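Novice: Before I ask anything, here is the structure I am working with.
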């Protein structure tokens, strides 16, 4: 259904391999990915790689689909991160992940890693890793704690 197949670009990756941003985020074919906090400063190449890897467009935060991953574009002035994380949990599948994408240090809207580390457990999430998601954005991976008797 994509009309932009082929255009290629100069990237050494197709956007689906482990070295691509989507691969580093653990995004793969068939996954449903929700996006929260979209604005004009987001990394469009990263978004494109995620869509290419899943084979579908990202869904908006108003979607009622169950999602495998949530990408949160979060900047220092975007409001209460705990509230945003709690909202992200609603549509998240049991084995889903949340990625908080923040501007890298020295860029407008940078968020200290400690702010995310503090917000995660309050929202019911655990931090598992962090990556350089793109030239301007860092990513922190959050997951719900695994429980044996979840009801």
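In our numbering, the protein residues as written are 376 to 526. Each residue gets a CB set at the ideal place from its N, CA and C atoms; glycine is no exception. Fair warning: this is a prediction, and the values are worked out from it, not measured in the lab.
Between the Cα of residue 490 and those of 456, 396, 478, 512, spot the shortest distance and give me the residue it belongs to.
Specialist: 456
Novice: Around the C-beta of residue 487, are 16 or more other C-beta atoms found within 10 angstroms, so that it is buried, or is it exposed?
Specialist: exposed
Novice: Can you give me the C-alpha to C-alpha distance between residue 420 and residue 520, rounded to a whole angstrom?
Specialist: 31 Å
Novice: Note down, one range per segment and in chain order, each beta strand (DSSP E) of at least 3 residues found wholly within the segment 384 to 468.
Specialist: 408 to 411, 442 to 448
Novice: Alpha carbon to alpha carbon, how far is residue 408 from residue 459?
Specialist: 16 Å
Novice: For a quick check, are the C-beta atoms of residue 547 and residue 405 less than 8 Å apart?
Specialist: Given a span of 376 to 526 for the chain in the structure shown, any question on residue 547 remains unanswerable.
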